[in-house]
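Data block below; observations after.
Residue numbers (the working numbering): 105 to 487.
Here's what the structure looks like:
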């Protein structure tokens, strides 16, 4: 079996799907790893590092895709403009693909996989169960995003984060609010606390209150949210209009006190909910900062422009795209280990052996033998 590692061609993507460390674990007498030339360059991994790990370097991407029985990527396959063909159509009929696919919204990709008879696995569909944590790339990447978002805020603000006593006076710590206490939010809270800021956390799910408080942050609550606020996967559900209004009133009162706000609220397969209105932005102190981690799916702040930094009424609003790519060394390392753990579930005795009764395999497989396996994708698919 040949496993191919192509160079990521999505704009500004610096990660590589498999590092030399993991290549050495994958290779066996029956499994060969093919790596496209310079695939790891932006993650500071040279071709020689891959050769030393046992991989074979392939210069031509077309050759790599067509020789590979399995292709491992970070970003979803896209059109290769230089070759004038979609990456899926470069793959062998019946090959296997593992990458972030975003299948609930990327229906064109799902259709291409069906047409090419590709067995596809999406790293953003790994079930949120204890046994699957080692494969959970969403958690890995979200943790990096939460960490980096605080650094972006600290670098942008015109004030100190920690309490500082100097000969020129004593300066109070900055106040930071994290909206959404998932993995990214909790990492942002922890990072803000380590840097000395006074941290506040908010989430519609009251079950996360203890987690927020365990990090030394203050948990804000919107009273009388009557909705079932959490789905079976542990993600927040979209709130009713009445609950959204209660949430908005609470945030209006508290956000004006904050020096920086980091928003992380996402709903799988849906646009990010608006949590910060233009009026809330206008109420914030001049010099305050908002970092909207949810920018890629529209943003939690009404004024966010994905991929841009804008200023509104003296408030700087960041809409970063693909934050993990700004930390390519550790992001690639984490993702490669997640991929390696998934391979352990689908490769048995050096051959692909798919047990769809297994929660990890059945939960992350999107297409197989011309059919959609993933239940939620099948329900939303518009081919």
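C-beta atoms are modelled at their ideal positions from N, C-alpha and C, and glycine is treated no differently.
query: Between the beta-carbon of residue 280 and the beta-carbon of residue 388, is there less than 8 Å?
result: Reading the chain shown from its first residue, position 176 is the one you call residue 280. Reading the chain shown from its first residue, position 284 is the one you call residue 388. Contact flag unset, no.
query: Smallest Cα separation from residue 467: which of 163, 401, 480, 259?
result: Residue 467 sits at position 363 when you count from the first residue of the chain shown. Taking only the C-alpha atoms, the option nearest residue 467 is 480.
task: Less than 8 Å between the CB atoms is what I'm expecting for residue 292 and residue 266, so what's the real figure, rounded?
output: To locate residue 292, count along the chain shown from 1; it is residue 188. To locate residue 266, count along the chain shown from 1; it is residue 162. Their Cβ separation, rounded to whole angstroms, is 16 Å, which puts residue 292 and residue 266 out of contact at 8 Å.
field: Test item: CB-CB of residue 175 and residue 124 under 8 Å
entry: Mapped onto the chain shown, residue 175 falls at position 71. Mapped onto the chain shown, residue 124 falls at position 20. Not in contact: residue 175 and residue 124 (Cβ atoms no closer than 8 Å).
query: Run through DSSP, which three-state label would residue 480 get?
result: Translated into positions along the chain shown, residue 480 becomes position 376. The answer is helix: DSSP assigns residue 480 an H, G or I state.
field: Beta-carbon gap between residue 201 and residue 182 smaller than 8 Å
entry: Within the chain shown, residue 201 is the residue found at index 97, counting from 1. Within the chain shown, residue 182 is the residue found at index 78, counting from 1. Cβ atoms of residue 201 and residue 182: not closer than 8 Å.
field: Within the segment 335-384, ranges of the beta strand (DSSP E) (whole runs, at least 3 residues)
entry: Given a length threshold of 3 residues, each whole run of the beta strand (DSSP E) inside the segment 335-384 is given here in chain order: 364-367.
task: Determine the direct distance from the alpha carbon of residue 180 to that of residue 365, and round the result to whole angstroms.
output: Reading the chain shown from its first residue, position 261 is the one you call residue 365. Reading the chain shown from its first residue, position 76 is the one you call residue 180. If I take the Cα positions, the gap works out to 30 Å.
field: DSSP-derived helix/strand/coil call for residue 179
entry: As a first step, residue 179 is located in the chain shown; it is residue number 75 there, counting from the start. Looking at residue 179 - three-state DSSP - the assignment turns out to be coil, as it is neither helix nor strand.
query: Since residue 420 is in the alpha helix (DSSP H), which residue starts that stretch and which ends it?
result: On the chain shown, position 316 is the one that residue 420 refers to. DSSP places residue 420 in no alpha helix (DSSP H) but in the uninterrupted beta strand (DSSP E) bounded by 419-422.
- request: Give the DSSP-derived three-state secondary structure of residue 226 in the structure shown.
  value: In the chain shown, the residue the question calls residue 226 occupies position 122. Here residue 226 sits in strand by DSSP.
- prompt: Which residues share a DSSP beta bridge with residue 140?
  reply: Taking the first residue of the chain shown as 1, we reach residue 140 at position 36. Looking at the DSSP output, residue 140 bridges to 162.
message: Considering Cα atoms alone, identify which of 158, 417, 261, 195 is closest to residue 165.
response: Here residue 165 refers to the residue found at position 61 of the chain shown. Out of 158, 417, 261, 195, 195 has the C-alpha closest to the C-alpha of residue 165.
Residues near residue 463 by beta carbon distance below 8 Å, same chain, minus five either side: Indexing the chain shown from 1 puts residue 463 at position 359. The answer, listed in chain order, is 231, 233, 235, 236.
message: As a quick exercise: from 453, 447, 393, 129, pick the residue whose alpha carbon is nearest that of residue 226.
response: Taking the first residue of the chain shown as 1, we reach residue 226 at position 122. The residue with the shortest Cα to Cα distance from residue 226 is 447.
query: With DSSP run on the structure shown, which of helix, strand or coil describes residue 117?
result: By 1-based counting over the chain shown, the position of residue 117 is 13. Reduced to three states, the DSSP call for residue 117 is coil.
- request: Helix, strand or coil for residue 172, going by three-state DSSP, please let me know.
  value: Stepping through the chain shown from its first residue, residue 172 is reached at position 68. Coil, per DSSP.
query: Ends of the beta strand (DSSP E) at residue 109?
result: Here residue 109 refers to the residue found at position 5 when the chain shown is read from its first residue. In the DSSP assignment, residue 109 falls within the beta strand (DSSP E) that extends over 106-109.
message: I'd like to know if the segment 351-362 and the segment 246-258 are in contact, where contact means that at least 3 CB-CB pairs between them fall below 8 Å.
response: Because the criterion of three Cβ pairs below 8 Å is not met, the segment 351-362 and the segment 246-258 do not touch.
- prompt: Which two residues bound the contiguous alpha helix (DSSP H) that contains residue 246?
  reply: Within the chain shown, numbered from 1, the residue matching residue 246 stands at position 142. 241-260 is the span of the alpha helix (DSSP H), which, as asked, contains residue 246.
- request: Output the distance between the C-alpha atoms of residue 398 and residue 369, rounded to the nearest integer angstrom.
  value: For this step, residue 398 is matched to residue 294 along the chain shown. For this step, residue 369 is matched to residue 265 along the chain shown. Going by the C-alpha atoms only, they are around 6 Å apart.
field: Unbroken alpha helix (DSSP H) run spanning residue 414, endpoints
entry: As a working mapping, residue 414 is identified with position 310 in the chain shown. Residue 414 -> not in any alpha helix (DSSP H); beta strand (DSSP E) instead, spanning 413-416.
- request: Let me know the secondary structure DSSP gives residue 203 once reduced to three states.
  value: Within the chain shown, numbered from 1, the residue matching residue 203 stands at position 99. Looking at residue 203 - three-state DSSP - the assignment turns out to be strand.
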